[in-house]
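**Student:** Can you read through this structure? Questions will come right after.
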Amino acid sequence: MSIIARFSAKLQKLMNRRLEVLIARQHAESKDESDTSNGSLLAVKIHQAELLIASGHDKESAGDFAGAFECYLQADRLAPEFQKVALNLGNSFLHQGNLNAASEQYKRAVRLDPAYAAAHFNLGNVRDMLNQKSDAEISYLEAIRHKPDFADAYVGLGNVQSDTGRKDAAIISYRKALELIPDYHNVRCNIALALRELGDREAAVAEYELILERDNEFLEAYGNLAVVYRELGLLNKAMDICRGYLHRNPHSAMMATLLLFCMAHSEKVSPVELFDAHRRLGLQMESPFSDTWKRALRQPASGRVMRIGFVSADFFRHAVMQFLEPLLDQLQADQDIEVFIYYNNVVADEVNQRLREKYRRWFDVVSISDEEFATKIESDEIDVLVDLSGHTSGHRLPVFARRPAPVQISWLGYPGTTGMHSMDYFLCDPFFVDDSLKKQFTEKFARLPITTTFSPVPYADPVKDLPAKGGGILTFGSFNRIEKLSDHVLMLWAEVLKAIPGSRLILAGLPEKMDTSKFAELFKSSGISADRIEFHHRMDMGKYLELHQRVDVCLDTFPYTGGTTTNHALWMGVPTLTLVGTTAPGRQSYANMRHVGLGDEFYASSHEEFIRKAVVLSTRLDWLSELRKTLRSKFEESLFCRPDIVAASLKHAFVYMMERWTNEQTPEHFSVQWDGTKFCTIQDKSDKEVKDES
């Protein structure tokens, strides 16, 4: 026992003796005298409760939260009318994850002392966690009323305002906190995030740069600044930020992942450079665990269904769910498969709620460590573990680096390699990747007839006639993310407009409040007048789809081509002219259009061919008009709208992978083929049919 602990024990015994003396005196004296004594007795009880609270704090500091809780309970039995006891009991319940019990204790504290700012603040925090936003706001305002210099209460108030869509009000609250604590960098980050969500990215950049002027080691500011630079199309600046930080902190997986994402969008990065960067990060993540990979080599489970685990941060209203949900529904309905969902996020919108209710084996993993997550996967006896994020925000690739499952697959969320040898397969299709891309992946290709479905927006209007039929002039369009709109992309599009006199370009999907003068100047410098370019900021889905009715042909970005945007355009009757690249991101639009049967008219292999094919399209308006009328039906007839076939091919691939693992065979490239009645598996190595199942 430490000197402090011994002193506290002696002091507590002394207080106990004082309490006994006071009680004895109370019985010996008259009523009037006892009234005076009661006041002294209450003071002693509160003082002893203070000692117990202090002891609880000591125990918390030492990690003994159970011991601290017992101290607070003792204090509560001694002085239930003491508001600090209720506050600390609330804190203990909060630590235990019992939010409702914590809330009741904080309410009790403010009943005992209505001016207790700390209790109002803690009650606000719990109400916020319980999604009681209006009540949380009231609590924060009460905390501020009783303690006007309470910076954290202003932060809590700002968070609630931000969560409820009042970004401008949130910024005001955050700035109040900054007035009180000027170097409160997390709060300035909150301001920048709110500005970004309001569309004022330039102002967000200024906030992040101010943070880094004052503290050049503040990681969150580096990461967020790089993201905003990327969203502004300033890829070189974004990559410089990432590289500068990684030079000082080489093991930051977050910044390395962000750098890879930026590199994949840059035409200045060669395929070899891109693969090498992925491989370096893969080695960094895997090297601490590669010696333990044998632990995943458990005996194959017999007498039970195959267990497939899906790991993602995107199980909410996210574009990925348009591809994924129909397939998960099919797999869940298959009696030979048990679907496990591992959700690595806190977003809980209406889509997330629907998914939670639908998929029986749902687990929230955002708050557990990589090691704990890997252990859970092992205990769940997952046979095939599927990564749906790749190198995007919210990934859990370090879990895969531990190889907790016999077969591990990368799919859907990222059009490229993970760079990890612990990832066995990359799910793809013959159009998306060809043999020339094998050297850009550590994974083996598992090619399916098609790897995803797509759920078109059900309220999209019928496709209207080709706009160019009215005036004979083509209107091109782009709906891609701004980080794809590099100067090289825009200059190629300008050459297309120059080659087709009178043609116009609609640039849509730009960030709110974005200054478009840079784009206008670039087109002007290429000889394209301002009246031929039309800018549109982000809009709701209905207006987004409706704008396609004014577009004849979409122009694709490079080296990172369209995916979801290309499919939305196809559904609205609009084909995309694409420059087919030499990396997986450069082949997304090509693959999507091949799946709906579009021919070579829309695929170019060079800038010159891109311009030439655009000119040819401008002379074939009747053909484009007929194609526009049939594109939606072509889409409906494609495998994009056949989740039953896609899910069956997935199951076929999963079974084949597990059979190879059971037979102690290493992963190999293979293809699952569908002839309209049955599937067969072809192994690339020998091109020999190794399996044929109906």
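Converting from the sequence shown to our numbering requires adding 542 to each position, the first position being numbered 1.
Yeah, the Cβ is synthetic: ideal placement off N, Cα and C, and Gly gets one too.
#1: What's the C-alpha gap between L1213 and S829?
#2: Report the residue ranges of all beta strand (DSSP E) runs contained in full by the segment 959 to 1019; include only those spanning at least 3 residues, in chain order.
#3: Please report how far the alpha carbon of A604 lies from the alpha carbon of H807, in whole angstroms.
#4: Would T934 and Y956 be called neighbours here (beta carbons separated by less than 9 angstroms)?
#5: Using three-state DSSP, classify R567 as helix, strand or coil.
#6: Which runs of the alpha helix (DSSP H) at least 4 residues long sit entirely within the segment 1017 to 1075? Give them in chain order.
#7: Mapping the DSSP letters down to three states, classify F857 as helix, strand or coil.
#8: What's the gap between the Cα of R548 and the Cα of S597?
#9: For the segment 1136 to 1145 and the segment 889 to 904, state whether three or more C-beta atom pairs, one from each stretch, are separated by less than 8 angstroms.
#10: Could you check the C-alpha separation between Q895 and Q590 for me, to the nearest Å?
#11: If the criterion is Cβ atoms closer than 9 angstroms, does the pair A763 and H789 meet it?
#12: From which residue to which residue does the beta strand (DSSP E) around Y658 run?
#13: Name the two residues that bound the continuous alpha helix (DSSP H) containing Q1130.
#14: Residues in its own chain within less than 6 angstroms of F858 by CB, not counting five upstream and five downstream?
#15: Closest to A610 by CA distance: which of Q638, L583, L584 and P622 is it?
#16: List the DSSP bridge partners of L927.
#17: Under 9 angstroms, do V881 and I919 count as touching if we go by C-beta distance?
#18: Per DSSP, which one or two residues make a beta bridge with C1096?
#19: Do F1221 and V926 come within 9 angstroms of each other at the CB atom, strictly closer than that value?
#20: Do you know whose CA, among L869, D670 and E739, lies nearest R1190's CA?
#21: Mark T578 as exposed unless 16 or more other C-beta atoms lie within 10 angstroms of its C-beta, in which case mark it buried.
#22: Please work out which residues of its chain come closer than 6 angstroms, Cβ to Cβ, to V729, disregarding the five sequence neighbours upstream and downstream, and give them in chain order.
#23: Could you name the residues of the same chain whose beta carbon sits closer than 6 angstroms to that of D912, not counting the 5 residues immediately before and after it, in chain order?
#24: Alpha carbon to alpha carbon, what distance is there between S645 and A661?
#25: Tell me, to the nearest whole angstrom, how far the beta carbon of E749 is from that of L737; I am working on the premise that it is less than 8 angstroms.
#26: In this structure, does DSSP put Y682 in helix, strand or coil?
#27: Considering only the beta carbon of each residue, do F987 and C970 sit closer than 9 angstroms?
#28: Exposed or buried, what is A1126 when buried is set at 16 or more other beta-carbons lying within 10 Å of its beta-carbon?
#29: Taking only the alpha-carbon atoms, compute the straight-line gap between M1135 and T959 and give it to the nearest angstrom.
#30: Just checking my contact of F974 with A1133 at CB under 8 angstroms: how many whole Å lie between their CB atoms?
#31: Taking DSSP's pairing of strands, which residues face H1079 in a bridge?
#32: To the nearest angstrom, how far is it from the Cα of C1096 to the Cα of G1084?
#33: Is there contact between the segment 1010 to 1020 and the segment 1035 to 1047, where contact requires at least three CB pairs shorter than 8 angstroms?
#34: Which residue comes first and which comes last in the alpha helix (DSSP H) that contains Y771?
#35: Tell me whether E1063 is buried or exposed, calling it buried when 16 or more other Cβ atoms sit within 10 Å of its Cβ.
#36: Please tell me whether Q950 and D922 are closer than 9 angstroms, where the distance is taken between their beta carbons.
**Tutor:** Straight from the coordinates:
#1: For clarity, residue 1213 is Ser in the given sequence; the question names Leu instead. Approximately 30 angstroms between the Cα atoms of the pair.
#2: As far as the segment 959 to 1019 is concerned, its whole beta strand (DSSP E) runs of at least 3 residues are 967 to 970 and 986 to 989.
#3: 48 angstroms
#4: yes
#5: Reliability fails at R567, whose pLDDT of 36 lies under 50, so the model's placement of it is uncertain and the value that follows must be treated cautiously. If DSSP states are grouped into helix, strand and coil, R567 belongs with the helices.
#6: 1029 to 1041 and 1059 to 1067
#7: coil
#8: Bear in mind that the predicted position of R548 carries a pLDDT of just 32, short of 50, making it too unreliable to give a figure here.
#9: no
#10: 48 angstroms
#11: no
#12: No beta strand (DSSP E) contains Y658, which DSSP labels as neither H nor E.
#13: Q1130 to H1137
#14: V889, D891, V893 and N894
#15: Q638
#16: G851 and Q950
#17: Contact: no.
#18: G1019 and T1118
#19: no
#20: Inspection of the sequence shows that residue 1190 is occupied by Ala rather than by Arg. Comparing Cα-Cα distances from A1190 to each of L869, D670 and E739, the minimum goes to L869.
#21: Because T578 sits at a pLDDT of 43, beneath the cut-off of 50, its placement in the model cannot be relied upon, and the following sentence gives the value as read from the coordinates. The residue in question, T578, is exposed, as its Cβ has fewer than 16 Cβ neighbours within 10 Å.
#22: The residues are V697, Y716, A719 and L720.
#23: P940 and V941
#24: Going by the C-alpha atoms only, they are around 10 angstroms apart.
#25: 7 angstroms
#26: helix
#27: yes
#28: buried
#29: 23 angstroms
#30: A Cβ-Cβ distance of about 4 angstroms is found for the pair F974 and A1133, placing them in contact under the 8 angstroms criterion.
#31: L1052
#32: Going by the C-alpha atoms only, they are around 18 angstroms apart.
#33: Yes: at least three Cβ pairs fall under 8 angstroms.
#34: L761 to E773
#35: exposed
#36: no
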